[in-house]
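Counted the way numbering that gives the first Met the number 0 counts, the sequence shown spans residues 0 to 408.
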Amino acid sequence: MRQSQLFPKTRKEAPRDAESINHKLLVRGGFMDQLMSGSWTLLPLGLRVVAKINQIIREEINAVGGQELLMPLLHPKEIWSETGRWDKADEIMYKLADARKKEYVLSFTHEEIVMDLLRKNIKSYQDLPVSVYHFSTKFRNEPRAKSGILRGREFMMKDLYSAHTDEKDMMEYYEKVKGAYIKIFKRLGFDFKVVEASGGVFTDKHTHEFQVINANGEDVVYACDKCDFAVNKEIFEGIEGEKCPDCKEGKIEKLEKTVEVGNIFPLGTWYSERMHVYYTDEKGLKKPVWFASYGIGPTRVMGTLVEVSHDDRGIIWNPAIAPFDVHLVELPGGRGKEIYDTFTEKGINVLWDDRDVSAGEKFSDSDLIGIPVRLVVSERNGDKIEWKERASEKSELISTDEVIRKIKK
Ligand code: ATP
Ligand code: MG
């Protein structure tokens, strides 16, 4: 893509009301725009990043047998009344009525909708297990939407739902999905903890949150400095500094704060009992379906990555989710068009700075946008290309073939 045509242009100043780093850098870099508090447009650069995040999630969820579908965002009141959540979740729901006074809610999650799908389609144990997911918008009336895209009132979620004949099958699948989540967050480049948290009213089991340490987070986690033991402050009953109750070797540290990027819930039969989702087992007995749900917020993931990976000049994307593979900066006398065409033909995604602006402006925009590799072509560099990684201060002059080899690696 030619940078001269990219919409919109970068901005020198962050918006005045921006408090968090992700808000400042993602708006300045032209990744997103705020319509109102908690409501964001994903601009072309931002949408590219989120699409890459989604693709990583999709690959790992497909690998554990998830089937992608797409559920509606406008839900009738009746379905939410069946579980009592129409009243119980009142505070976070955006409710509306049409001209004929029929009431609706904009989706804030989809358990009830999946339950309805299951009861129409599940008859016997032979129809189970089922594992379905979608990427879609969630609407939640968040009381304070101010940490940039980390907390939207309208945001993207990948939510997966699984249904099983019994608790054992549900828990086995739950562990599989936990493993898939660990792979996803590693591929996304996070340093994270898998944290036990409360199951709420739905289950006496614990849920698991995927938490990234960052000052802009809203959670506090107690974790062992040696093993994987980690518990949300909400339910932790010990103190900082004590011996780990799990491995009995490490010490408990307090991690403050953390951002929840994912959450998985072994829900059990709470929903199926209320919504009458039963199947018949081998002996012909009627039994409630066991149910679990699993969420990740790709837009929050994008914001969290910026929070943990930036410097005073801008964003530092990890290659797995960068909007482009390389940023080709053309200075006077450089072979921009030729290199752009060659790389594009080889399947490399190039942002080509073909603009008629100063070298200084090009370099500072390149640092702000944060594509992992910057390539400079200029008269001075001749046949060679200057290779510089965003995360490093070193640069080197190498041949076109060598550049291609390094990118493909
Ligand atoms: P929080 O405690 O941060 O309000 P939650 O526990 O209510 O989040 P879940 O219902 O567990 O959120 O949603 C699953 C995932 O969706 C979260 O782990 C997070 O990645 C994302 N998410 C939740 N709320 C928001 C939001 N307001 N804006 C952006 N992403 C969100
Ligand atoms: Mg949660």
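Glycine included, C-beta positions come from ideal geometry on N, C-alpha and C.
Per DSSP, what kind of secondary structure is residue i in: helix, strand or coil?
{"i": "threonine 303", "result": "helix"}
{"i": "aspartate 190", "result": "coil"}
{"i": "glutamate 272", "result": "helix"}
{"i": "leucine 350", "result": "strand"}
{"i": "lysine 175", "result": "helix"}
{"i": "arginine 139", "result": "coil"}
{"i": "valine 402", "result": "helix"}
{"i": "tryptophan 39", "result": "strand"}
{"i": "asparagine 262", "result": "strand"}
{"i": "serine 394", "result": "strand"}
{"i": "isoleucine 212", "result": "strand"}
{"i": "threonine 298", "result": "helix"}
{"i": "glycine 45", "result": "helix"}
{"i": "phenylalanine 134", "result": "strand"}
{"i": "isoleucine 320", "result": "coil"}
{"i": "valine 63", "result": "coil"}
{"i": "arginine 373", "result": "strand"}
{"i": "alanine 50", "result": "helix"}
{"i": "leucine 72", "result": "coil"}
{"i": "valine 200", "result": "coil"}
{"i": "lysine 232", "result": "helix"}
{"i": "aspartate 168", "result": "helix"}
{"i": "leucine 117", "result": "helix"}
{"i": "lysine 282", "result": "coil"}
{"i": "lysine 256", "result": "strand"}
{"i": "isoleucine 251", "result": "strand"}
{"i": "lysine 407", "result": "helix"}
{"i": "isoleucine 314", "result": "strand"}
The alpha helix (DSSP H) spanning residue i covers which residue range?
{"i": "tryptophan 386", "result": "Careful: tryptophan 386 lies outside any alpha helix (DSSP H), inside the beta strand (DSSP E) at 384 to 388."}
{"i": "phenylalanine 6", "result": "Taken as a continuous stretch (DSSP letters only), phenylalanine 6 belongs to no alpha helix (DSSP H), as it is neither H nor E."}
{"i": "histidine 22", "result": "20 to 27"}
{"i": "alanine 144", "result": "Neither: alanine 144 is in no alpha helix (DSSP H) and is coded neither H nor E."}
{"i": "alanine 358", "result": "358 to 368"}
{"i": "glutamate 236", "result": "Looking at the DSSP string, glutamate 236 is not in any alpha helix (DSSP H), and its letter there is neither H nor E."}
Would you give the residue range spanned by the beta strand (DSSP E) that residue i belongs to?
{"i": "glutamate 153", "result": "153 to 163"}
{"i": "aspartate 32", "result": "31 to 35"}
{"i": "isoleucine 295", "result": "289 to 295"}
{"i": "tyrosine 124", "result": "Careful: tyrosine 124 lies outside any beta strand (DSSP E) and carries neither H nor E."}
{"i": "alanine 88", "result": "Premise fails: alanine 88 is in no beta strand (DSSP E) and is neither H nor E."}
{"i": "threonine 341", "result": "Segment 335 to 344 is the alpha helix (DSSP H) holding threonine 341; no beta strand (DSSP E) there."}
{"i": "glutamate 12", "result": "Note, glutamate 12: premise wrong, no beta strand (DSSP E); not H, not E."}
{"i": "cysteine 223", "result": "218 to 223"}
{"i": "leucine 327", "result": "325 to 329"}
{"i": "glutamate 102", "result": "102 to 105"}
{"i": "threonine 476", "result": "Residue coverage of the chain in this structure runs from 0 to 408, which leaves residue 476 outside it and unanswerable."}
To the nearest angstrom, report how far apart residue i and residue j are at their CA atoms.
{"i": "serine 135", "j": "arginine 312", "result": "33 Å"}
{"i": "alanine 50", "j": "methionine 155", "result": "11 Å"}
{"i": "aspartate 324", "j": "isoleucine 347", "result": "6 Å"}
{"i": "glycine 249", "j": "tryptophan 289", "result": "36 Å"}
{"i": "valine 200", "j": "glycine 45", "result": "36 Å"}
{"i": "arginine 372", "j": "glutamine 210", "result": "The sequence shown places valine at residue 372, not arginine. Cα to Cα, valine 372 sits roughly 28 Å from glutamine 210."}
{"i": "tryptophan 85", "j": "lysine 76", "result": "7 Å"}
{"i": "lysine 242", "j": "lysine 232", "result": "16 Å"}
{"i": "isoleucine 234", "j": "serine 197", "result": "6 Å"}
{"i": "arginine 10", "j": "aspartate 165", "result": "55 Å"}
{"i": "histidine 205", "j": "serine 130", "result": "21 Å"}
{"i": "glutamate 360", "j": "glutamate 395", "result": "21 Å"}
{"i": "lysine 94", "j": "serine 363", "result": "45 Å"}
{"i": "tryptophan 269", "j": "isoleucine 338", "result": "59 Å"}
{"i": "leucine 34", "j": "glycine 147", "result": "12 Å"}
{"i": "isoleucine 314", "j": "glycine 28", "result": "8 Å"}
{"i": "glycine 369", "j": "glycine 37", "result": "24 Å"}
{"i": "glutamate 18", "j": "aspartate 310", "result": "16 Å"}
{"i": "glutamine 125", "j": "alanine 162", "result": "12 Å"}
{"i": "proline 244", "j": "alanine 229", "result": "11 Å"}
{"i": "asparagine 215", "j": "glutamate 306", "result": "8 Å"}
{"i": "histidine 74", "j": "isoleucine 403", "result": "50 Å"}
{"i": "aspartate 355", "j": "leucine 25", "result": "24 Å"}
{"i": "arginine 47", "j": "lysine 286", "result": "45 Å"}
{"i": "isoleucine 181", "j": "alanine 291", "result": "17 Å"}
{"i": "glycine 333", "j": "tryptophan 351", "result": "12 Å"}
{"i": "lysine 145", "j": "aspartate 16", "result": "9 Å"}
I think residue i touches residue j, with their Cβ atoms under 8 Å apart; what is that distance to the nearest whole Å?
{"i": "glycine 261", "j": "phenylalanine 184", "result": "7 Å"}
{"i": "isoleucine 397", "j": "isoleucine 384", "result": "6 Å"}
{"i": "valine 113", "j": "tryptophan 79", "result": "Wrong, their Cβ atoms sit about 13 Å apart, outside the cutoff."}
{"i": "histidine 133", "j": "lysine 177", "result": "So it is not a contact: roughly 20 Å between Cβ atoms."}
{"i": "tyrosine 293", "j": "aspartate 158", "result": "7 Å"}
{"i": "lysine 175", "j": "valine 63", "result": "5 Å"}
{"i": "isoleucine 121", "j": "isoleucine 320", "result": "Actually they do not touch by this definition, with Cβ atoms about 36 Å apart."}
{"i": "valine 300", "j": "leucine 187", "result": "6 Å"}
Taking 9 Å as the CB-CB cut-off, is residue i touching chain C?
{"i": "proline 287", "result": "The structure shown contains no chain C; it holds only a single protein chain."}
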